[in-house]
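Colleague:
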Amino acid sequence: METTLRGVGVSHGVAIGEVRHMGTAVLEPPAKQIPADEAEREQGRARQAVEAVAADLVARGNLAGGEAQHVLEAQAMMAQDPELMADVDRRIAVGSTAERGVYDAFAAYRALLANAGEYLAGRVADLDDVRNRIVARLLGVPMPGVPDSDEPYVLIARDLAPADTALLDPTLVLGFVTEEGGPTSHSAILARALGVPAVVALPGAGEIAEGTVVAVDGSTGEIFVEPSQEKRAEMESASAARKAALSAVTGPGATSDGHKVPLLANVGGPGDVPAALEAGAEGVGLFRTEFLFLDDSKQAPSEEKQVEAYRAVLEAFPEGRVVVRVLDAGADKPLEFLTPADEPNPALGVRGLRSLLDHPDVLRTQLTALSRAAEGLPVYLEVMAPMVADRADAKAFADACREAGLQAKFGAMVEIPSAALRARSILQEVEFLSLGTNDLAQYTFAADRQVGAVSRLQDPWQPALLDLVALSAEAARAEGKSCGVCGEAASDPLLACVLTGLGVTSLSMGAASIPYVRATLAKHTLAQCERAASAARAADSADEARLAAQAVLSGE
Ligand code: PEP
Ligand code: MG
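For the sequence shown, this note's numbering begins at 814 and goes up steadily by one.
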């Protein structure tokens, strides 16, 4: 009998197929003692397995490219951490087998990370994944992870490690559902980059039996278990109609009455450029440069290496607009050379622009590299700082840009409620604003974006978040400056209309969402978008706001 479950839809589209579960079994090797003369051989086995797993992660990264590559390379480095390896050696020297030594050393490291603060939850999942891979290799059993199947399937997992998300084959994996993860988690961002329908934060999904047919709606977050023939037909025809409508709308983003809203792409490096161009992105609204820095968390990449990566992205958008965000390290993206190791609450600590102002040499090198990369190119370069809290932050950033001789517009991201509340004051120092709604939601609702249990509060339809967007957009309009959105909120087609109605001037998102947003925007006038925005702001909850906007936009 058909049952309906509801999670959080994070990547558009409909997927209908049989369920396959992710191999998540934690492999606990038996704790048996080995004779002392076998220790050296076991240490060699452990080292070989670590090297092989690291090489495999790097190879998966090369295959995946883009943001995924950097995430996987960071995981490979985790596997080879010298202190962790020294601990494995020590444990084997006192009688552990290679697999048990790895298992116990990772457990100790895991406990350290877990106790270092809530924000490390995402990294703990990555660490467990690395451990499982090494132990599986040592035990000679199949790797945990994406199931082997020749038939297309819907993947269900507790959570997806970046290594697995990156390897999902869109021709085999029709869609995925996870029990954990919020709408702005790494997995959700990567799913959108892949263009695979996905639903997260659905506890209980793990209990759906292997082989059961489910229908996943990545837009609404609904999962129909054993859908009836009528339901399947209804969803399939709605999906086909959506696809046909998508390909019928091309060109720059605009409402039906011609109000232009440039649709830009979020990229993590040159690897994401082809998908952005294919989706018809009018430029880049967020270049997350920290992904270039995750290769080696001990030092910044050289100026030369940075120039090369920036130029590759800038060259792809002649005459277009490219908004580069300077390094956003800290919290869920710590870098050893920038991020303090002992903060009790890193999301509220020295991260983003704060790290850069503490390390002016790193900021200077990045701005100089950007300036060199843009030399002679007909691109509109805009550079923005993450985590700007107040006018002093904005001034410090603009001063650094001027000192580096950068020929670009300087901007501030609005990710902290204080920046939205005092947007006019910040705009005295910079030329544009860009709303990072992922962090803005996290800080407005005190709800960690990595934690599925609080995903209700990370919903960008929350009226309080819409109020902060409106404040920022109104301030920019009053100052005659622009105010875009580059957080995940921009990738929800209906919300994109509401953001437009609130006065946002551009929308930037993962490339796969651009056609959906373009098609939906093209169906409504600016006045309708404004009415939908007012209706959403008048609501008392995210769900009510969504319904109210829907009612206005569908002419009810
Ligand atoms: C945001 O916070 O909305 C944002 C765009 O930045 P990131 O997701 O990289 O933190
Ligand atoms: Mg952010």
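We treat Cβ as the ideally placed atom computed from N, Cα and C, and that holds for glycine.
Is it right to say P1157 is buried, meaning 16 or more other beta carbons lie within 10 angstroms of its own, or is it exposed?
Modeller: Exposed, because fewer than 16 other Cβ atoms sit within 10 Å of the Cβ of P1157.
Colleague: Give the straight-line distance between the Cα atoms of L1320 and P843, rounded to the nearest whole angstrom.
Modeller: Using only the alpha carbons, I get a separation of about 53 Å.
Colleague: Measuring from the CB of P1199, is there a heavy atom of the ligand MG at a distance below 7 Å?
Modeller: Under cutoff, so the answer is yes.
Colleague: Can you look up G994 in the DSSP assignment and give me helix, strand or coil?
Modeller: Correct three-state label for G994: coil.
Colleague: With DSSP as the reference, please indicate the residues paired to A847 in a beta bridge.
Modeller: Just to set this straight, residue 847 is Ile in the shown sequence, not Ala. For I847, which the question treats as bridged, DSSP gives no partner whatsoever.
Colleague: Can D1261 be considered in contact with the ligand MG, in the sense that its beta carbon sits closer than 7 Å to one or more heavy atoms?
Modeller: For the ligand MG, not one heavy atom lies less than 7 Å from the Cβ of D1261.
Colleague: Using CA coordinates, which residue listed in L1176, R1235, D1252 and V821 is at the minimum distance from M1200?
Modeller: The shortest C-alpha separation from M1200 is found at D1252.
Colleague: For D1272, which of helix, strand or coil comes out of DSSP?
Modeller: DSSP places D1272 in coil when its eight states are reduced to three.
Colleague: Could you give the C-beta distance for G1133 and V1192, rounded to a whole number, given that I count them as a contact under 8 Å?
Modeller: Between V1192 and G1133 the Cβ distance is about 6 Å, and since that is below 8 Å, they are a contact.
Colleague: Going along the chain, which residues of its own chain have a beta-carbon closer than 8 Å to the beta-carbon of L1234, five neighbours each way excluded?
Modeller: Answer for L1234: L1281 and L1284, listed in chain order.
Colleague: Using C-beta distances below 7 Å, list every residue in its chain close to A865, excluding the 5 sequence neighbours before and after it, in chain order.
Modeller: Result list for A865: R950, in chain order.
Colleague: From this set, F1245, V1243, S1247 and I1229, which residue's C-alpha is nearest A1260's C-alpha?
Modeller: Nearest of F1245, V1243, S1247 and I1229 to A1260, Cα basis: I1229.
Colleague: Under the criterion of a Cβ to heavy atom distance below 7 Å, does G1249 qualify as lining the ligand HEM?
Modeller: The ligand HEM is not among the ligands present in this structure, which contains only the ligand PEP and the ligand MG.
Colleague: Report the residue from V832, A849 and E1039 whose alpha carbon sits nearest the alpha carbon of E815.
Modeller: Closest option to E815, Cα to Cα, is E1039.
Colleague: Any contact of the segment 817-825 with the segment 1013-1030, i.e. 3+ C-beta pairs under 8 Å?
Modeller: At 8 Å Cβ cutoff, the stretches touch.
Colleague: Any heavy atom of the ligand MG closer than 7 Å to the beta-carbon of D869?
Modeller: Checking the Cβ of D869 against the ligand MG gives no.
Colleague: With the cut-off set at 8 Å, would you say A1078 and V1062 are in Cβ contact?
Modeller: Result no, Cβ atoms of A1078 and V1062 do not sit closer than 8 Å.
Colleague: Check whether the segment 1109-1121 touches the segment 1172-1186, taking contact to mean three or more Cβ pairs, one atom from each stretch, closer than 8 Å.
Modeller: Contact holds: three or more Cβ-Cβ distances are below 8 Å.
Colleague: Run through DSSP, which three-state label would S1168 get?
Modeller: In the structure shown, S1168 sits in a helix (DSSP, three-state: H, G or I).
Colleague: Which runs of the beta strand (DSSP E) spanning at least 3 residues fall entirely within the segment 1249-1315, listed in chain order?
Modeller: With a minimum length of 3 residues, the continuous beta strand (DSSP E) runs that stay inside the segment 1249-1315 are 1295-1298.
Colleague: Compute every distance between the C-beta of E880 and the non-hydrogen atoms of the ligand PEP, then say whether any falls below 7 Å.
Modeller: No.
Colleague: Should T1025 be labelled buried (16 or more other beta-carbon atoms within 10 Å of its own) or exposed?
Modeller: Burial call: exposed.
Colleague: Between the segment 849-867 and the segment 893-912, are three or more C-beta pairs nearer than 8 Å?
Modeller: Touching, yes.
Colleague: Could you give the C-beta distance for Y916 and V832, rounded to a whole number, given that I count them as a contact under 8 Å?
Modeller: 29 Å between Cβ atoms; not a contact.
Colleague: Where does S1168 land, buried or exposed, given buried means 16+ other C-beta within 10 angstroms?
Modeller: Buried is the call here.
Colleague: Taking 8 Å as the cut-off, decide whether the C-beta atoms of L1334 and V1136 are in contact.
Modeller: Contact flag unset, no.
Colleague: With burial defined as no fewer than 16 other Cβ atoms inside 10 Å of the residue's Cβ, what is the status of E1188: buried or exposed?
Modeller: Classification of E1188: exposed, given that the 10 Å Cβ count is below 16.
Colleague: According to the Cβ coordinates, are L968 and F989 closer than 8 Å?
Modeller: Cβ distance < 8 Å, so L968 and F989 count as in contact.
Colleague: Would you tell me roughly how many angstroms separate the C-alpha atoms of V1139 and S1268, rounded to the nearest one?
Modeller: The straight-line gap from Cα to Cα measures roughly 28 Å.
Colleague: Kindly identify the DSSP beta-bridge partner or partners of E1195.
Modeller: BP columns for E1195 point to V1136 and K1222.
Colleague: Excluding the five sequence neighbours on either side, which residues of its own chain have a C-beta within less than 6 Å of the C-beta of A862, listed in chain order?
Modeller: Closer than 6 Å at Cβ, skipping near neighbours: I947, R950 and L951.
Colleague: What are the boundary residues of the beta strand (DSSP E) that G1162 is part of?
Modeller: Note, G1162: premise wrong, no beta strand (DSSP E); not H, not E.
Colleague: Quick one: residues in its chain with C-beta nearer than 7 Å to the C-beta of I905, no 5 flanking neighbours on either side, listed in chain order?
Modeller: So the list reads A852, E855, Q856, A859, A911 and G914, once near-sequence residues are dropped.
Colleague: Quick one: give me the first and last residue of the alpha helix (DSSP H) that L876 is part of.
Modeller: Element bounds for L876: A852 to A877.
Colleague: Pull up the CB-CB distance for D1171 and V1163, whole angstroms please, since I reckon it's below 8 Å.
Modeller: Yes, they are in contact, since the Cβ atoms of D1171 and V1163 sit about 6 Å apart, within 8 Å.
Colleague: May I have the straight-line CA-CA distance separating P848 from A868, to the nearest angstrom?
Modeller: Each residue's Cα considered, the two are about 30 Å apart.
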